[in-house]
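*Asks:* This is the structure I have questions about; it appears just below.
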Amino acid sequence: MEYEKWLDKWLELYIKPSVKFRTYQKYESSIRLYILPRLGHYEMKDIDSLKLQEFSVELSRSGNTRTGGGLAAITVGQIVAIVQKSLKKAVSVDMTDGYRADGIEIPRAEKANVECFTESEQKKIERYILEKNNTRLYGILLTLYSGLRIGELLSLEWSDVDMKSGIISVRKTCRDQWKDGVYIKVLDSPKTAASVRQIPLPKQILPIVRQMKKQSRSNYVVSGKSKETPLRSYQRTFENILQKLNIPHRGFHSLRHTFATRALERGMDVKTLSEILGHKNPSVTLNRYVHSLTPHKRAMMNKVGGLFLDIREIRK
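Under this note's numbering, the first residue of the sequence shown is numbered 6, with each subsequent residue one higher.
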């Protein structure tokens with residue numbers, strides 16, 4: 006039996022009735038984007054440990070459907086686990102003979118570099134958005150000066166914004182869900198308990214937020230002609246801006262990294278930054294952005310070095 010045909014049955018008969026809908030969506034998405042294009046045409050009996058090992062290496066090198074780069078090791082492991090689970094079920098219900106897909110070694114992923122925009126690139130982005138005077142784009146500025154994740158930004162409602170105190174409350178996030186051939190925005194609970202937080206906005210950004218509020222026709226802070234903005238739509242908008250400005254491609258998440266880097270460069274302590282970013286503890290922040298502290302550490306060491314006696318003064 007072709008693996009593609011079995012996956013359709015497996016999803017519909019065994020997964021959909023037994024898991025939460027969000028989990029089912031993750032299974033369906035992984036199968037549609039990664040598994041079917043590479044393994045769907047095989048007979049199930051031909052998918053053994055060697056074939057699955059080759060599959061995992063391919064995903065690690067070039068599995069990202071957006072960038073063409075590799076997928077993270079944890080993502081590859083999750084996709085391989087779906088293949089293994091489906092094949093085990095196929096054996097248990099006599100749809101194929103024998104299970105031979107264990108012993109897979111997930112390729113170790115290189116530590117991902119934290120990419121952020123340079124100060125000159127950041128200013129180019131800011132200038133472009135301000136000149137366009139499009140409040141839908143102001144969400145990009147809000148991210149640059151708050152460190153919000155894109156799901157948190159696009160789920161932010163005006164009831165979450167205290168205009169008087171200048172504080173935004175992060176209470177939820179959102180994700181895209183594939184429905185009837187299109188992606189729609191679905192609200193969800195925050196990533197972790199630490200993700201529920203309050204962020205005081207810089208006073209320089211408040212006039213932008215007030216303008217967004219004044220022109221808004223939606224409950225959502227970021228909105229356009231439609232009341233809702235899907236994540237992929239907003240990501241593409243940002244990618245188009247980078248193209249127009251001849252800035253090398255970086256994902257929307259790099260705006261969050263840029264905020265964190267600028268904050269550390271200007272002396273924000275790691276504990277405060279950790280709380281603003283919604284990390285579980287400061288060590289997560291420190292491990293992720295330790296490179297950003299190098300210029301600060303150098304400046305501090307030079308201050309200490311200022312105590313050193315000038316040999317020229319001694320030899321006078």
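Ideal Cβ placement from N, Cα and C applies to all residues, glycine included.
1. Counting Cβ pairs closer than 8 Å, one from the stretch 257-274 and one from the stretch 178-192, do we hit at least three?
2. Identify, in the order they occur along the chain, each residue of the same chain with its Cβ nearer than 7 Å to the Cβ of L158, setting aside the five sequence neighbours on each side.
3. Taking 8 Å as the limit between beta carbons, can you name the residues of its chain near D165, skipping five residues before and five after?
4. Could you check the C-alpha separation between L250 and L153 for me, to the nearest Å?
5. Would you check if the distance between the CB atom of S65 and the CB atom of I111 is smaller than 9 Å?
6. With H, G and I counted as helix, E and B as strand and the rest as coil, what does DSSP make of P287?
7. For L57, which residues in the same chain have their Cβ closer than 7 Å to its Cβ, ignoring the five residues on either side in sequence?
8. State the CB to CB distance for the pair R141 and G256, rounded to an integer number of angstroms; the pair is presumed to be in contact (CB under 8 Å).
9. Assuming I79 and Y150 make a contact with CB atoms under 8 Å, what is their CB distance in whole Å?
10. Between the alpha carbons of S34 and K169, how many angstroms are there, rounded?
11. Closest to C179 by C-alpha separation, out of K90, I20, W11, R27, would be which residue?
12. Identify the residues that DSSP records as bridge partners of K184: which are they?
13. Which residues in the same chain as R202 place their Cβ atom closer than 6 Å to its Cβ, once the five residues preceding and following it in sequence are excluded?
14. Please classify M305 as buried or exposed, where buried requires at least 16 neighbouring CB atoms within 10 angstroms.
15. Look up I173 in the DSSP assignment and give the residues it is bridged to.
16. When you compare each of L41, H254, Q240 to G74 by their alpha carbons, which one comes out closest?
17. Which residues share a DSSP beta bridge with Y294?
18. Near S297, what residues of its chain come up, given a Cβ to Cβ distance below 6 Å and the 5 sequence neighbours on each side ignored?
*Replies:* Put simply:
1. no
2. Here residue 158 corresponds to residue number 153 of the sequence shown, with the count starting at 1. So the qualifying residues of the chain are G144, L147, T148, V227.
3. Position 160 of the sequence shown, counting from 1, holds the residue named residue 165. Result list for D165: I173, S174, V175, R176, V226, in chain order.
4. Here residue 250 refers to the residue found at position 245 of the sequence shown. Here residue 153 refers to the residue found at position 148 of the sequence shown. Roughly 23 Å separates the two Cα atoms.
5. Position 60 of the sequence shown holds residue 65. Position 106 of the sequence shown holds residue 111. Taking 9 Å as the Cβ cut-off, S65 and I111 qualify as a contacting pair.
6. Start at 1 with the first residue of the sequence shown, and residue 287 comes out as number 282. Helix at P287.
7. Translated into the one-based positions of the sequence shown, residue 57 becomes position 52. The residues are V85, V88, A106, I109.
8. Counting from one through the sequence shown, the residue named residue 141 turns up at place 136. Counting from one through the sequence shown, the residue named residue 256 turns up at place 251. Contact doesn't hold; Cβ gap of about 19 Å is too wide.
9. Along the sequence shown, one-based indexing puts residue 79 at 74. Along the sequence shown, one-based indexing puts residue 150 at 145. Contact doesn't hold; Cβ gap of about 30 Å is too wide.
10. The count along the sequence shown starts at 1 and reaches residue 34 at position 29. The count along the sequence shown starts at 1 and reaches residue 169 at position 164. Rounded to the nearest angstrom, the two C-alpha atoms are 42 Å apart.
11. Here the question's residue 179 lines up with position 174 in the sequence shown. Among K90, I20, W11, R27, the Cα nearest to that of C179 is on R27.
12. Residue mapping note: residue 184 aligns to position 179 of the sequence shown, counting from 1. Bridge partners of K184: V187.
13. Taking the sequence shown and counting its residues from 1, the one referred to as residue 202 is at position 197. V175, G283, listed in sequence order.
14. The residue labelled residue 305 in the question sits at position 300 within the sequence shown. Exposed, since its Cβ has fewer than 16 Cβ neighbours within 10 Å.
15. Working through the sequence shown from its first residue, we reach residue 173 at position 168. DSSP output for I173 lists V166, I204 as bridge partner(s).
16. Here residue 74 corresponds to residue number 69 of the sequence shown, with the count starting at 1. When only C-alpha atoms are compared, the closest one is H254.
17. What you label residue 294 is simply residue 289 of the sequence shown in a count that begins at 1. According to DSSP, which records beta bridges pairwise, Y294 is partnered with nothing at all.
18. Within the sequence shown, residue 297 is the residue found at index 292, counting from 1. The answer, listed in chain order, is T266, L269.
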